[in-house]
Amino acid sequence: YKDGQNGFVFGTNALGVEYDGQVDNEGQGNNNVNRQQGGTIGGFNLNWDGSWEVRTEVKDYGWSAEFAIPLRTLRFQSGKDWGINFRRNIRKSNEIVYWAEMPVGLDLKRLSLAGTLTGLDLRNPGNLKLIPYVLGQVSKDFTLTDANYEYKAEVGGDIKYSITPSLTLDVTYNTDFAQVEVDDQQVNLDRFNLFFPEKRPFFLENAGLFSVGSPGEVDLFFSRRIGIGDNGNIVPIIGGARLSGKLNRTNVGLLSMWTEEVQDKGIEQNNFTVARVNHEFRGRTALGAILVNREGLQSSDDFNRTMALDGKLGLGRKARMTGYFAKTVDPNDTINAHSFKFQTDYNWNNWELRAAYTEVGQGFNPEVGFLLRSAFRKPEGLVLYHLRPKNPDSKILELRPHISYRGYWNFDGFLETGFLHMDNHFEFKSGTEVHTGINFTTEGVVFPFDISRGKNIVVQPGTYNHVESQIVFFTNRSNPFSVNVRSVIGGSFGGTRFVESATASLRLGDKFNTDLTLQYNNFQLPVGNFTANIVRTQLSYAFKPNLYLQGLIQHNTTDKLWAANLRFGWLERANTGLFIVFNYNLQDGDPLNNSFIVKYTRMIDLVR
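Okay, structure coming up:
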């Protein structure tokens, strides 16, 4: 249990809101992913939901909290010491305090620096849970010529059984994710793929164990390929099983899922299998392998396989090297179906240094994975320094000057993307931050593409070199009212672009909060001008910490899409309970699809 690499995080605030997450590989994911992506694939899984409770009390001295975490949630081995750490956020002064000291630039996820809890004489209880659900749904797809309301009633559920204290078997039947929040709308203004993070609970637990590659850019296994089609259509999951956990110092994972045939979408029945093993040595060192297989069950030559070796080498506490080598196999016997990455990181004494090289062959095709882009060679590097003023009266908490570079070359030696970034982050003791940066960009276009997605504004082949400035400003999120603004202005594909992303957040007391987000993109190009915008508003009212009503309304001007999602939740344990969900979508003023769903799921402990 005290492996210095993996663990759980439990937290709360004065209102008693439950916050938990699962740490994998000391939280080390891809440094290029954004916050939304990092919630799932950045080495820290914020979407994991454990079974536990917390109560808080506000007094004259401040506030205190009492956590009640069942031993079966922690999955420890009897007779072993625990690694443990505590963190306190003091919002009024933007301070962070740790029980086990943490160097500047590191945080709670650096588990190898945690303290040790000894003298425990605890027996690990058995763990056998039944999590059934019942669901009723009314829906209508207006894109069909003979659209009628469809009525559906379903039952299904999961079984969770701990074979050993650290090895768990999960079995699922007729898997459903109706209560999961919908995806945020995105606009693709480039030549590459968009990434939508996994949000479905069954695939989130121990997700880090199956994560191999360069998350957000080259994911050898991406669980959204199971049960979700290329265009976002739902593919029913018949069921499956997952075995995951540890055997001594070896992490093991085995996942197998079956999906149904969807004839009107041209989707055949498939089996998806993932096998993963990763052995941890002393000194933050590990060696592993993964096999990802998709097998079409209606044709003998319908398959795709990804095989890889990966590892990391700890260089003391301050540095480490990581890497992987992968190959894909399909019926076409494609050549150059390889990918690899090697990276070195140094993080100590206020310095963060990184150098890496990634290559993806022209024939590399992980169908059950995710590729941001294909066929490239990419060097990258980062130099960052944390500087804290010694003057105690300074309003600045920290300065973070840094420079980074990444470049994507194709296999003909042509630079398709170059990005040199120079910036400085000003973090104030009030919690406000200001980032001032300048970017030197290169875009090499090989084939013409419609950047406007339907307005026939076509960028022609060529090399486009530009300079752009950016500024980021955000205030303390704990304030009743806060803002987060990112502005970019500069050259783009021979013209100019202005990008504005602004979010205003309002919290009224301990029950109501709302966010209003505007993403504004204005392109002035030699081949034409256009704008592409997204407006998003989120509203949440918490009657109690476990009883809430949430709404999400989005407008995408590019697709002329309005989408509304309303969710009522009455939670019991580990994100189970009663859920009522309403979805309504309009495209170009016409109804697209509607649904009304009522779902109840319950966690039943069969062993106490």
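Residue numbers (the numbering used here): 27 to 634.
The beta carbon of each residue, even a glycine, is placed where N, CA and C say it ideally should be.
The model shown is predicted, which means the values in this text are computed figures rather than measured ones.
In the three-state reduction of the DSSP assignment, F36 falls in the strand class. Assignment of beta strand (DSSP E) within the segment 533-605, counting only whole runs of 3 or more residues, yields 538-551, 554-570, 573-582 and 587-597 in chain order. With respect to A352, S365 sits close: the two C-beta atoms are nearer than 8 Å. When DSSP reads this structure, E321 sits in a beta bridge with N297 and F329.
Counted as a single uninterrupted DSSP element, the stretch harbouring F218 is not any alpha helix (DSSP H), since DSSP gives it neither H nor E. Residue state for D290 is assigned as helix, using DSSP reduced to three classes. The segment 393-400 makes no contact with the segment 368-384; the number of CB pairs closer than 8 Å stays below 3. Short of 6 Å from the beta carbon of D328, and not among the five residues preceding or following it, lie these beta carbons of its own chain, in chain order: G322. Secondary structure of R81 (DSSP, three-state): strand. Positions of the beta strand (DSSP E) runs, each at least 3 residues long and wholly inside the segment 454-487, are given as 459-471 in order along the chain. For T171, no alpha helix (DSSP H) encloses it, and the DSSP letter there is neither H nor E.
Between the C-alpha atoms of D209 and F222 there is a straight-line separation of about 7 Å. When rounded, the separation of the alpha-carbon atoms in T169 and N611 is 11 Å. For S527, the closest alpha carbon among the candidates R533, L534 and L542 is that of L542. If you check the CB distance, T501 and V514 do not come in under 8 Å. Residues E52, G109, L137, S138, A140 and R310 of the same chain have their beta carbon placed closer than 8 Å to that of G30, with the five preceding and five following residues left out of the count. Residue pairing of P617 in beta bridges, as defined by DSSP: L612.
Within 10 angstroms of the beta-carbon of S90 lie fewer than 16 other beta-carbons, which makes it exposed. The beta carbon of K537 sits closer than 8 Å to the beta carbons of Y567, A568 and F569 from its chain, once the five residues preceding and following it are set aside; these are given in chain order. Taking C-beta atoms as the reference points, I157 and G183 count as a pair closer than 8 Å. Looking at L441, D147, R250 and Q212, the one whose alpha-carbon comes closest to that of K225 is R250. The three-state secondary structure of L230, taken from DSSP, is helix. For L72, there is no enclosing beta strand (DSSP E), as DSSP marks it with neither H nor E. As summarised for the segment 354-429, there are no continuous alpha helix (DSSP H) elements at least 4 residues long confined to that stretch.
For L97, the uninterrupted alpha helix (DSSP H) run begins and ends at L97 to L100, by DSSP.
K155 counts as buried, since no fewer than 16 other beta carbons sit within 10 angstroms of its beta carbon. Close CB contacts of Y626 within its chain, under the 7 Å cut and outside five residues either way in sequence, are with Y159, V160 and L604 (chain order). For the pair H305 and Y546, the Cα-to-Cα distance works out to about 46 Å.
Scanning its chain for C-beta atoms nearer than 6 Å, with the 5 sequence neighbours on each side dropped, one finds around R113 the residues Y124 and L134, in chain order. In this structure, N619 lies near D167, with their beta-carbon atoms less than 8 Å apart. With respect to the C-alpha of S325, the residue from L143, V206 and N297 having the closest C-alpha is N297.
In this structure, F236 lies near R302, with their beta-carbon atoms less than 8 Å apart. Measuring C-alpha to C-alpha distances from T198 to each of L578, G88, L269 and L72 identifies L269 as the nearest. For L148, the secondary structure class from DSSP, reduced to helix, strand or coil, is coil. Closest in C-alpha terms to H581, from the list G255, L146 and A590, comes A590. Approximately 6 Å separates the beta-carbon atoms of N200 and E180; this is inside 8 Å, confirming the contact.
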